[in-house]
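The numbering used here numbers the first residue of the sequence shown as 19 and each following residue consecutively. Report on the following structure.
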Amino acid sequence: MDTVKKAKYLNDGDKWMLAEEIPDIDFQFSQIWLSSFVNDIERSIGVSYKKILCVYKGYNLKFYYGEKDSDELAKHILKLILDDPKFGEKINSEIRRLSKKFKKFSEQISSGFLKKLSNNELADLYKKLDELHTDLLDPLC
């Protein structure tokens, strides 16, 4: 199967729109939450983005969603909140709670600390960071 057939959403008729441009961000870090938007968020809200396209130039990132897909997802989230305002309150509460946990974890990391770690210790740290970040992005699962 050629690459074009495998990439079923690349040219699916839903025009790409720039979602965000982030200068100076690490690929490994950003892939955690970027992949979550298309693979995991449906566990929280019932749907996910169908596609995402990420373009890295050095440490600069631009990522894109389908215009129609993005509009449908936004309307879905708005409907969830309008139908049950406590849903929106719960999301905000969980994001704040998990953000504090994430910040506390991140404060222990410094370049001096990282330089002392072996490859295995770095891998363990990255795994913990990945799990924590995934929890942050999926607060209602």
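All C-beta atoms in this analysis are idealised placements derived from N, C-alpha and C, irrespective of residue type, glycine included.
| Query | Result |
| --- | --- |
| Nearest-angstrom Cα separation, counted from Lys26 out to Asn57 | 16 Å |
| Alpha carbon of Leu91 to alpha carbon of Tyr67, nearest angstrom | 7 Å |
| Exposed unless 16 or more other CB atoms sit within 10 angstroms - verdict on Asp77 | What sits at residue 77 in the sequence shown is Tyr, not Asp. The residue is exposed, with fewer than 16 neighbouring Cβ atoms inside 10 Å. |
| Those residues which DSSP pairs with Lys84 across a bridge | Note that residue 84 is Gly in the sequence shown here, rather than Lys. Paired residue(s): Trp34. |
| Residues near Gly84 in its chain [Cβ-Cβ closer than 8 Å; skip 5 each side] | Tyr27, Asp30, Asp32, Lys33, Trp34, Met35, Tyr67, Lys68, Lys69 |
| Ser62, buried or exposed, once every other Cβ within 10 Å from all chains shown has been counted against 16 | buried |
| C-beta atoms of Ile127 and Leu143 nearer than 9 Å | yes |
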